[in-house]
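As structure tokens, the structure follows; a few thoughts come after it.
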Amino acid sequence: MQPLHCPVMSSIRNSERRLIVNADDFALTEGVNRAIGELSEAGALRSCTLMAAGDAFKHAVRTTKDYKNLRVGCHVVLVDGSCVAPAETVRALQDGNEGQLRSSLPAFIADLQRGKIPEAQIEAEAVAQIRRLQDAGVTVTHVDSHKHTHLFPRVARPLMRAAMQCGVPAIRNPFEQAWSAGLTRGPLLRKLEVAALRNFSSMFQKLLRASGLKTTAGSIGVSATGTLDGANLERLLNGMPEGTWELVCHPGYNDAALGAVRTRLREERDVERNALLAQIPAAVREGRFELIGFDEL
2 MQPLHCPVMS SIRNSERRLI VNADDFALTE GVNRAIGELS EAGALRSCTL MAAGDAFKHA
62 VRTTKDYKNL RVGCHVVLVD GSCVAPAETV RALQDGNEGQ LRSSLPAFIA DLQRGKIPEA
122 QIEAEAVAQI RRLQDAGVTV THVDSHKHTH LFPRVARPLM RAAMQCGVPA IRNPFEQAWS
182 AGLTRGPLLR KLEVAALRNF SSMFQKLLRA SGLKTTAGSI GVSATGTLDG ANLERLLNGM
242 PEGTWELVCH PGYNDAALGA VRTRLREERD VERNALLAQI PAAVREGRFE LIGFDEL
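According to my numbering, the sequence shown holds residues 2 to 298 in order.
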């Protein structure tokens with residue numbers, strides 16, 4: 002597949018490699034928050050995305066003030082979480098329990114593709130989540146979505162509108178390029194899913210150009226979710242071509258609080274934290290790439 006063209010790429014010299022290491026699930030638990038803060042202090046990442054309805058939201062906001070190098074985006078949650086917008090205004094996003102989003106991603110996708118979830122309700126929920134961060138004093142540098150739901154145009158379109166409405170300048174390009182998936186040692190099914198979803202990338206680029214939002218050339222590490230150990234991370238960093246990319250990661254501490262929340266990533270968060278700490282600062286010192294945040298696009 003040919004490299005995607007996007008607004009930010011025109012200003013990048015061919016000799017440059019720039020990487021945004023973005024930790025998802027900020028505010029999931031205090032242990033996740035602590036890991037992200039420590040990694041930012043160590044120079045292993047500079048970006049994260051905060052869950053507006055996360056159990057550790059207040060702790061996450063405090064953490065942003067303690068770690069000044071940490072840039073913060075909004076991790077918009079449309080499945081497997083709680084509404085932030087008034088429940089009566091986003092009924093189509095809920096699973097029947099007051100204020101609770103669908104717990105099933107396949108069910109969400111099925112209803113989305115059938116047109117049962119109005120884009121206006123997605124936009125309203127996204128705006129409410131972004132505004133909650135901004136009202137708490139967080140400068141929101143970008144948006145992305147939990148479980149990459151904005152791969153689908155019916156989510157990407159209202160999410161971009163929400164970002165523009167709230168003055169947020171950038172959005173994650175959720176599509177993993179073939180080179181990145183090919184370097185990842187992980188489940189074949191995951192790679193096939195990533196490859197199939199890449200069919201939506203041209204529509205994403207069309208919507209992006211119309212919105213004027215900034216993004217990267219693509220995400221890396223998506224196929225490695227759950228298997229982002231030192232070996233996989235090393236292959237991705239060594240194989241990264243010129244341009245600006247985003248490494249999607251989920252570091253944390255596998256503690257009692259994590260055991261009490263719904264997530265499939267537990268021990269893997271420790272593995273990712275250790276891999277990032279061991280490799281990213283050293284690679285930056287060696288000049289292999291420039292570590293940046295979304296605010297530097």
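Note that CB positions come from ideal geometry on N, CA and C, so glycine has one too.
Taking 8 Å as the cut-off, does the stretch 250-260 touch the stretch 205-215 (at least 3 CB pairs, one atom from each stretch)?
At 8 Å Cβ cutoff, the stretches do not touch.
Is the beta carbon of ILE21 less than 9 Å from the beta carbon of ARG63?
Position 20 of the sequence shown, counting from 1, holds the residue named residue 21. Position 62 of the sequence shown, counting from 1, holds the residue named residue 63. No, these two residues do not count as a Cβ contact at 9 Å.
Let me know if GLN166 comes out buried or exposed under the rule of 16 or more other beta-carbons within 10 Å of its beta-carbon.
Mapped onto the sequence shown, residue 166 falls at position 165. Classification for GLN166: exposed.
Buried or exposed: which applies to ASN200, given that a residue is buried once 16 or more other Cβ atoms fall within 10 Å of its Cβ?
As a working note, residue 200 is residue 199 in the sequence shown. Result: exposed.
Please list the terminal residues of the continuous alpha helix (DSSP H) segment that includes ARG103.
For the purposes of this step, residue 103 is taken as the residue at position 102 of the sequence shown. Neither: ARG103 is in no alpha helix (DSSP H) and is coded neither H nor E.
Taking only the alpha-carbon atoms, compute the straight-line gap between GLU42 and GLU297 and give it to the nearest angstrom.
One-based indexing of the sequence shown puts residue 42 at position 41. One-based indexing of the sequence shown puts residue 297 at position 296. Spanning the two alpha carbons is a distance of roughly 18 Å.
Buried or exposed for PRO4, please, with buried defined as at least 16 other CB atoms from any protein chain shown within 10 angstroms of its CB.
Counting from one through the sequence shown, the residue named residue 4 turns up at place 3. Any answer about PRO4 is weak, because its pLDDT of 39 lies below 50 and its placement is not dependable; what the coordinates show is given next. Answer is exposed; the Cβ neighbour count stays below 16.
In angstroms with no decimal places, state the Cα-to-Cα distance between VAL249 and THR185.
Within the sequence shown, numbered from 1, the residue matching residue 249 stands at position 248. Within the sequence shown, numbered from 1, the residue matching residue 185 stands at position 184. Their Cα atoms are separated by approximately 13 Å.
For ARG186, which residues does DSSP report across the bridge?
What you label residue 186 is simply residue 185 of the sequence shown in a count that begins at 1. According to DSSP, ARG186 bridges with nothing at all.
Alpha carbon to alpha carbon, how far is GLY288 from LEU229?
As a first step, residue 288 is located in the sequence shown; it is residue number 287 there, counting from the start. As a first step, residue 229 is located in the sequence shown; it is residue number 228 there, counting from the start. In a straight line, the C-alpha of GLY288 is about 22 Å away from that of LEU229.
Taking 9 Å as the threshold (C-beta atoms), are GLY231 and SER181 in contact?
In the sequence shown, residue 181 corresponds to position 180, counting from 1. In the sequence shown, residue 231 corresponds to position 230, counting from 1. Contact flag unset, no.
Flag this pair as yes or no: are the beta carbons of GLN122 and ALA93 separated by less than 9 Å?
For the purposes of this step, residue 122 is taken as residue 121 along the sequence shown, with counting starting at 1. For the purposes of this step, residue 93 is taken as residue 92 along the sequence shown, with counting starting at 1. Against a cut-off of 9 Å, the Cβ pair of ALA93 and GLN122 comes out as a contact.
Where does the unbroken beta strand (DSSP E) through VAL62 begin, and where does it stop?
The residue labelled residue 62 in the question sits at position 61 within the sequence shown. Here VAL62 belongs to no beta strand (DSSP E); instead the alpha helix (DSSP H) covers 58-67.
Quick check on the burial criterion: 16 or more other C-beta atoms within 10 angstroms. Buried or exposed for ILE281?
Residue mapping note: residue 281 aligns to position 280 of the sequence shown, counting from 1. Classification of ILE281: buried, given that the 10 Å Cβ count is 16 or more.
Tell me where the beta strand (DSSP E) around LEU20 begins and ends.
Taking the first residue of the sequence shown as position 1, residue 20 is located at position 19. From DSSP, the beta strand (DSSP E) with LEU20 extends over 18-27.
Need the endpoints of the alpha helix (DSSP H) that SER203 sits in, please.
In the sequence shown, the residue the question calls residue 203 occupies position 202. Element bounds for SER203: 202-212.
Under 9 Å between the Cβ atoms of ARG173 and HIS151?
The residue given as residue 173 occupies position 172 in the sequence shown. The residue given as residue 151 occupies position 150 in the sequence shown. Yes.
Using three-state DSSP, classify LEU113 as helix, strand or coil.
On the sequence shown, residue 113 is found 112 positions in, with the first residue counted as 1. It is helical.
If you count every other CB in all the chains shown that lies within 10 Å of the CB of ARG14, and 16 or more means buried, which is it?
Position 13 of the sequence shown, counted from the start, is the residue given in the question as residue 14. Only weak support exists for where ARG14 lies, its pLDDT of 40 falling under 50; the value from the coordinates is given anyway. Exposed, since its Cβ has fewer than 16 Cβ neighbours within 10 Å.
Among residues of its own chain, excluding the 5 on either side of ALA86, which ones have a beta-carbon nearer than 7 Å to its beta-carbon?
Within the sequence shown, residue 86 is the residue found at index 85, counting from 1. Cβ within range, chain order: ALA125, GLU126 and ALA129.
With a threshold of 8 Å on Cβ separation, who are the neighbours of ALA279 within its own chain once the five nearest residues in sequence on each side are excluded?
Reading the sequence shown from its first residue, position 278 is the one you call residue 279. Excluding positions up to five away in sequence, the list reads GLY231.
Specify, as a first and last residue, the run of the beta strand (DSSP E) that GLU247 falls within.
Position 246 of the sequence shown, counting from 1, holds the residue named residue 247. Counting along the chain, the beta strand (DSSP E) containing GLU247 begins and ends at 244-250.
Given a cut-off of 9 Å, decide if ARG263 and HIS251 are closer than it, judged by their beta-carbon atoms.
Stepping through the sequence shown from its first residue, residue 251 is reached at position 250. Stepping through the sequence shown from its first residue, residue 263 is reached at position 262. No; because the gap between Cβ atoms is not below 9 Å, this pair is not in contact.
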